[in-house]
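If you read the sequence shown in numbering that gives the first Met the number 0, its first letter stands for residue 0, the second for the next number, and so on. Virtual Cβ for every residue (Gly too), placed ideally from N, Cα, C.
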Amino acid sequence: MIKTFIKTLAVISVAAFLMQSCKSQYEMLLTGNDVDAKYEAAFDYFNHGKYTKAAQLFENLSVLTSNTERDDTVQYYWGLSNYRYKDYYTAETNFSKFLMTFPYSPFFEEAAFLRIDCLYRSTYRWELDQAPTYSAITTISEYIVENPKSSHIPICRKMLTELNERLDKKAFENARLYYKMEDYRSSWVAFKNVLKDDYDNIYREDILYYIAKSSYKYALMSLESKQKDRYLTFVDDYYNFIGEVPESPYRKEMDALFRKAQKALGRYSGTEDELNEREKDFERERKKLMKQSEQ
0 MIKTFIKTLA VISVAAFLMQ SCKSQYEMLL TGNDVDAKYE AAFDYFNHGK
50 YTKAAQLFEN LSVLTSNTER DDTVQYYWGL SNYRYKDYYT AETNFSKFLM
100 TFPYSPFFEE AAFLRIDCLY RSTYRWELDQ APTYSAITTI SEYIVENPKS
150 SHIPICRKML TELNERLDKK AFENARLYYK MEDYRSSWVA FKNVLKDDYD
200 NIYREDILYY IAKSSYKYAL MSLESKQKDR YLTFVDDYYN FIGEVPESPY
250 RKEMDALFRK AQKALGRYSG TEDELNEREK DFERERKKLM KQSEQ
């Protein structure tokens, strides 16, 4: 038992010694002035996927190789090490500095793309702040204009599409929030503004639908003295909707609301029984909406 314990202790001690030796060797590299040894070790760590240690060594080397032929290589791989480690914020800073300092480096185009990728990966999902998304879109657009023959153009366009769709969803959901809150006037205004700011929003059909629904419900819940003008607004929204998307899956619902609005405006030409039945439906719907708004 004692021999086994002593043997185990010895193994642990040797392992601890070896670990300490490795650590000391790395620290000696960091604190030493042997540029060639640091340079070789930095690439060795990088090639073996030890990106944090590589980044530290390249950062350390950046001072020692400043204004030498190795300067742009060290600066580029410092950024690339942080990128591979997925520290995109630091990597973007590295690449931004690199692009300003080394406009004629053979690494320039790749550094420009990697900076874009860092910005893209640093954006947030649509529910959160979209300031980084706008920044990424601007930078990607500039890259496409300045590097039209780059092999990275297809992925840049894909990034732009995804980021713009995220902004479309953000705008759509922000407007729909008013509708969910049953603030139909604000909902109508918000959806109108979405299309005013972005005519090609990917949710355009849904937005047109909610514009018409909002104006109809706003009219339905209004005082009788104000209903006529508000139903006329819905009629305009209805015609805008069916004129643009006549085969929409929302068409049946929109047609039903249109008939109700026409009845409210005294324009419906159905039979007496149909008129009576629609009047009952109309009144039930109105009471339901009023009850919901009071809760």
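| query | Under 8 Å, do Asp-167 and Ile-143 count as touching if we go by C-beta distance? | reply | no
| message | Report the CB separation of Phe-240 from Tyr-208 in whole angstroms; it is logged as a contact under 8 Å. | response | So it is a contact: roughly 6 Å between Cβ atoms.
| field | Distance between Val-188 and Ala-218 (C-alpha atoms, nearest Å) | value | Looking at the backbone, the Cα of Ala-218 and that of Val-188 are separated by about 14 Å.
| query | Do you know offhand how far Phe-101's Cα is from Ala-110's? | reply | 10 Å
| request: Ignore the nearest five residues each way along the sequence and tell me which others in Asp-70's own chain have a CB closer than 7 Å to its CB. | output: Cβ within range, chain order: Thr-64.
| said: Considering only the alpha carbon of each residue, which of Val-62, Arg-165, Lys-96, Phe-42 lies closest to Ser-80? | reply: Phe-42
| message | Using the three-state DSSP reduction, which class does Ile-201 fall into: helix, strand or coil? | response | coil
| field | Alpha-carbon to alpha-carbon, Glu-126 and Ile-210 | value | 22 Å
| Validate contact between the stretch 156-173 and the stretch 191-199 using beta carbons, cut 8 Å, 3 pairs | yes
| said: Under 8 Å: do the stretch 127-135 and the stretch 87-102 share three or more Cβ pairs, one atom per stretch? | reply: no
| query | Buried or exposed: which applies to Gln-129, given that a residue is buried once 16 or more other Cβ atoms fall within 10 Å of its Cβ? | reply | With 16 or more neighbouring CB atoms inside 10 Å of its own CB, Gln-129 falls in the buried class.
| query | How many Å lie between Glu-68 and Phe-106 at the Cα? | reply | 13 Å
| For the stretch 34-112, which segments carrying the alpha helix (DSSP H) assignment without a break, of at least 4 residues, lie completely within its bounds, in sequence order? | 34-46, 50-63, 70-83, 87-100
| task | Would you tell me roughly how many angstroms separate the C-alpha atoms of Glu-297 and Asp-86, rounded to the nearest one? | result | Coverage of the chain is limited to positions 0 through 294, which leaves residue 297 absent and any answer about it impossible.
| query | Going by alpha carbons, who is nearest to Ser-185 out of Lys-212, Asp-35, Lys-169, Glu-204? | reply | Lys-212
| Rounded Cβ spacing between Thr-232 and Ser-214 (contact assumed at less than 8 Å) | 5 Å
| task | Verify whether the separation of the beta carbon atoms of Tyr-84 and Ala-40 is less than 8 Å. | result | For Tyr-84 and Ala-40, no; Cβs fall outside 8 Å.
| On the three-state DSSP scale, how would you describe Ile-224? | Per the sequence shown, the amino acid found at residue 224 is Ser instead of Ile. Ser-224 falls in the helix class under three-state DSSP.
| said: With a threshold of 7 Å (Cβ to nearest heavy atom), would Leu-98 be considered close to the ligand ADP? | reply: Ligands are entirely absent from the displayed structure, and the ligand ADP is therefore not among its contents.
| With 16 other Cβ atoms within 10 Å as the buried cut-off, status of Met-27 | exposed
| said: Can you check which of these residues, Gly-78, Thr-30, Tyr-249, is closest to Phe-45 by C-alpha distance? | reply: Gly-78
| message | For a quick check, are the C-beta atoms of Ile-139 and Leu-159 less than 8 Å apart? | response | yes
| Excluding the five sequence neighbours on either side, which residues of its own chain have a C-beta within less than 7 Å of the C-beta of Lys-227, listed in chain order? | Leu-264
| What's the C-alpha gap between Arg-229 and Tyr-238? | 14 Å
| query | At which residues does the alpha helix (DSSP H) containing Tyr-183 begin and terminate? | reply | 183-196
| request: With a cut-off of 8 Å on the beta carbons, I'd call Thr-122 and Leu-162 a contact; round off their distance for me. | output: 7 Å
| query | Apart from the five residues on each side of it in sequence, which residues of its chain come closer than 6 Å, Cβ to Cβ, to Lys-179? | reply | none
| Closest by C-alpha distance to Lys-49, when choosing among Asn-32, Thr-30, Tyr-25, Tyr-177 | Tyr-25
| Which of helix, strand or coil does DSSP assign to Ser-20? | Annotation note: pLDDT 49 at Ser-20 (below 50); position unreliable, coordinate value reported separately. Three-state result, Ser-20: helix.
| field | Ser-134 in three-state terms, based on DSSP | value | helix
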